[in-house]
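Enquirer: Heads up: the sequence lines are chains P and D, in that order.
At position 305 of the first sequence (counting the first as 1) the number is 296 in our numbering, and the numbers step up by one without a gap.
Going from the second sequence to our numbering is simple: count from 1 and add 865.
Ideal Cβ positions, reconstructed from N, Cα and C, are used throughout, including at glycine.
Questions regarding the structure given below will be posed in turn.
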Amino acid sequence: MAIAIKVENVCKSYQITHKEERDVSFRETIIKNITEGFNKTKNLANRNSLLPAKKEEFKALQNLSFEVRQGERVGIIGRNGAGKSTLLKLLSRITEPTSGRISTKGRIASLLEVGTGFHPELTGRENIFLNGTILGMRRAEIKRKFDEIVSFAEIGKFLDTPVKRYSSGMYVRLAFAVAANLESEILVVDEVLAVGDDNFQRKCLGKMQQVSSEEGRTVLFVSHNMAAITKLCNKGILLNKGKVEVNSTIENVVDNYISTNFQNDLFILDENNDKEVYFQKIFLSRNSETPTNTFAFSDDIFCTFDIDSKEVIKDATLTFIIRDRNLSPLFSDHKPLSNYKGRLIAVIPKKILLPGKYYIQSMLHVPNVRFLDNNEDYINFTIEETGSKNSIYNTDLGFVNIPVLWQ
Amino acid sequence: MAENVAEFDLIIEPGRSERNYWNDIWRFRELFFFMAWRDILVRYKQTAIGLAWSIIRPVLTMLVFTIVFGRLAKLPSEGVPYPILVFSALLPWQFFSTSFTDASNSLISNSNMLTKIYFPRLIIPVSTVIVNLLDFLISFVILLCLMLWYHFSPSINILFLPFFIFLTMLTVFGTGLYVAALNVKYRDFKYIVPFVVQFGLYICPVGFSSNVVPEKWKLLYSLNPLVGIIDGFRWCILGGNNQIYLPGMFLSIGIVVLLLIFGIRYFRKVEKKFADII
């Protein structure tokens, strides 16, 4: 198969200013230019005295190189800040690389957001044409695809209603429908599946699979949803700090990502933390003493959180989320802090989680206001099959055991 | 497998989009029309009297100016009905001021497109001018009605009007592109633009004839390109009595051309960074 995308030694760096986080105002620039010019002519040594802003280069991508062959479906995985979005922005030509070269063959349709350029006052019909054009379709092409778009979006009789009156589901469906029907050889998709309901997500995945396998299009897909990415992609690229860490089959890449990022069964954050309230230590155990990450179906799970703080923050709350093996959240619980130093223990009663692999994510936050300590490291743990009601069945029967009443 | 560059049809590397710039603009011409079409559609949606706003605004301004400058201040009217004198200047002024304002804000109000989609950024500010051209045409019809009412027939000079309309557009592009690009980085222009526009209405010879300005200041006055344009419009519409002041006219045209060159150059210089700093 021919190469569809070839990335060679691509770097992208941003200038970040370490002064204060606010917009540069016109006045500052003028003053700076004047003083600098003034100082230059007087040849004074104390330049920059007015604006002691330190500029630093932040390297979002460093010497990135990889190749994608035609018809491949590549999942791009990495933590926040690994450079995934920057890579997609370069591919979609929104910004230019600082150095290096990307060569592509065929038209690229990039879907970094659903409904870019949608105007709330315009009707569905008008938005199809507008959005299609923005994505790079010709008018004739949109006309040809129009019926297909409308039927995929399932908006039927709302076609001539302004989209501001659409439900958010309809809005997303319409936006995706336009993009998915774009006749492009390469489709670049960023996390769009995070929106919309389950049914729709499945439909989108199906559509993307279809365009890739039946029409031989190349797909680049960024997502945090490991289930979706494993289902759709056949190859994967793991990015870490702007570099390619693993480039292999999707199974290898996902395994690698999960095992390197979510394997700590116990972790201690350093004492000199600059956060106001933070976790000192988090671990799971059977009896609140010895840390472990393997439990029997009939074990209570003790989640121990040691918290320390520099000051008292009003409304600080501890939240933990139990996630399944694909990192989808199963359930969560919250506890407003009453004591800002010391130990909190949450007990997940036995026989709730069915045998399988799980992750626990924990955070300290002021609800809906800000995060105090949001650790991206999840602790993983396993529930062993020690006699759950599903033990005699082979199929996947879910994650949670609920005492159901039969009558 | 030995691939060479020729097999690929898109190369992304530093400075590459610079070279294909005008090609890209041509490729994205449909987007340009759709952006203009969108702005036209959206402009009067959910307004009760819709397009009538394009008529009410200039007519009311004209009435106020006629009363204040013509009746109260008793400024000379060059032998034409004062409403027509005012309206022939309001046409280019309103076209300029609304397009300039819209163009300046266009990048900010479409920031989500800038950060998510690639296209030559020049399309956005330029397409906003089209909408205002439509308003301009509506105003022009009002002027024709006024002329019928006063039994005023235009001179042959009116054939030159398209040239001055074009000149107005160039002025909008020059100033609008510059300010739109500056606005991305310095939001100060959000406050400067309305101020400049408000101020300009009194600096430009809209409510009065530019003959009110003493002869020795005329050349200086023509440094404002709108002066040349407004005089041009009056000369086309009102005809003979309004002699064109040629040195001033050429100065105004020269300034427009300079503005345009610097506007486009500055815009192109900074547009690559729009997505990073907006």
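On the DSSP letters alone, give me the boundaries of the alpha helix (DSSP H) that Ile1102(D) sits inside.
Expert: Pro1090 to Leu1103
Enquirer: Could you compute how far the alpha carbon of Ile7(P) sits from the alpha carbon of Ala51(P)?
Expert: 11 Å
Enquirer: Would the stretch 113 to 126 of chain P and the stretch 959 to 976 of chain D be scored as touching if the rule is three or more Cβ pairs under 8 Å?
Expert: Not touching, per the Cβ criterion.
Enquirer: Helix, strand or coil: how does DSSP classify Phe109(P) here?
Expert: coil
Enquirer: Mapping the DSSP letters down to three states, classify Asn1048(D) as helix, strand or coil.
Expert: Residue state, collapsed to three classes: helix.
Enquirer: Since Ala1140(D) meets chain P, which of its residues come closer than 9 Å, beta carbon to beta carbon?
Expert: Correct list: Lys80, Ile85 and Thr86.
Enquirer: Less than 9 Å between the C-beta atoms of Asn216(P) and Ser323(P), yes or no?
Expert: no
Enquirer: Compare the C-beta of Glu117(P) against all C-beta atoms of chain A and say whether one is closer than 9 Å.
Expert: No chain A appears in this structure, whose protein chains are P and D.
Enquirer: Helix, strand or coil for Leu999(D), going by three-state DSSP, please let me know.
Expert: helix
Enquirer: Could you please tell me which residues of the stretch 887 to 916 of chain D, in chain order, have their CB closer than 7 Å to any CB of chain P?
Expert: Glu895, Leu896, Phe899, Arg903, Leu906, Val907, Lys910 and Gln911
Enquirer: Taking a Cβ distance cut-off of 7 Å, strictly less, list which residues of the stretch 980 to 1008 of chain D are near chain P, in chain order.
Expert: Thr980, Lys981, Ile982 and Tyr983
Enquirer: Give a yes or no on whether 9 Å exceeds the smallest Cβ distance from Arg1133(D) to chain P.
Expert: no
Enquirer: Quick check on Ile877(D): does DSSP put it in helix, strand or coil?
Expert: strand
Enquirer: Looking at C-alpha atoms only, which residue of Thr1033(D), Trp1082(D), Ala938(D) and Tyr1051(D) is the closest neighbour of Thr963(D)?
Expert: Thr1033(D)
Enquirer: Tell me Leu350(P)'s beta-bridge partners as DSSP assigns them.
Expert: Correcting the residue type first, residue 350(P) is Tyr in the shown sequence and not Leu. In the DSSP output, where bridge partners are listed per residue, Tyr350(P) has Arg314(P) and Asn371(P).
Enquirer: Anyone know if the C-beta pair for Thr373(P) and Asn284(P) falls short of 9 Å?
Expert: yes
Enquirer: When you compare the CB positions of Gln61(P) and Glu176(P), do they come within less than 9 Å of one another, or not?
Expert: A contact, by the Cβ cut-off of 9 Å.
Enquirer: Quick test of your reading: Ser94(P) and Ile876(D), contact by CB under 8 Å. State the CB separation rounded to the nearest angstrom.
Expert: 5 Å
Enquirer: Leu41(P) to Glu47(P), Cα distance in whole Å?
Expert: Low local confidence applies: a pLDDT of 46 at Leu41(P) is under 50, so the model's placement there is unreliable, with the coordinate-based value given in what follows. Roughly 18 Å separates the two Cα atoms.
Enquirer: Buried or exposed for Pro941(D), please, with buried defined as at least 16 other CB atoms from any protein chain shown within 10 angstroms of its CB.
Expert: exposed
Enquirer: Any C-beta of chain P sitting closer than 9 Å to the C-beta of Phe873(D)?
Expert: yes
Enquirer: By the three-class DSSP mapping on this structure, what secondary structure does Glu376(P) have?
Expert: coil
Enquirer: Under 9 Å, do Leu344(P) and Phe288(P) count as touching if we go by C-beta distance?
Expert: yes
Enquirer: Any C-beta of chain D sitting closer than 9 Å to the C-beta of Ile99(P)?
Expert: yes
Enquirer: How close, in whole Å, do the beta carbons of Arg903(D) and Leu121(P) come, if the pair is a contact with beta carbons under 8 Å?
Expert: 5 Å
Enquirer: Along the chain, where does the alpha helix (DSSP H) containing Glu132(P) start, and where does it finish?
Expert: Arg130 to Ala144
Enquirer: Can the beta-carbon of Phe293(P) be found less than 9 Å from the beta-carbon of Ser276(P)?
Expert: yes
Enquirer: Quick check on DSSP: helix, strand or coil for Glu87(P)?
Expert: coil
Enquirer: Which chain P residues are close to Lys939(D), counting only those with a beta carbon under 9 Å from its beta carbon?
Expert: Under the 9 Å cutoff, chain P gives no residues; its nearest Cβ is about 42 Å from Lys939(D).
Enquirer: What would DSSP say about Cys294(P), mapped onto helix, strand or coil?
Expert: strand
Enquirer: Could you check whether the Cβ of Leu113(P) sits closer than 9 Å to any Cβ belonging to chain D?
Expert: yes
Enquirer: Give the secondary structure of Ile982(D) by DSSP, where H, G and I count as helix, E and B as strand, and everything else as coil.
Expert: coil
Enquirer: Determine the closest residue to Ser101(P) out of Ile370(P), Cys224(P) and Leu78(P), with distance taken between C-alpha atoms.
Expert: Leu78(P)
Enquirer: If you measure between the beta carbons of Gly1113(D) and Leu1066(D), is that distance less than 9 Å?
Expert: no
Enquirer: Under 6 Å Cβ to Cβ from Val245(P), same chain only, skipping five residues before and after it: list those, please.
Expert: Met217 and Thr221
Enquirer: Does Pro153(P) come within less than 9 Å of chain D when only Cβ atoms are used?
Expert: yes
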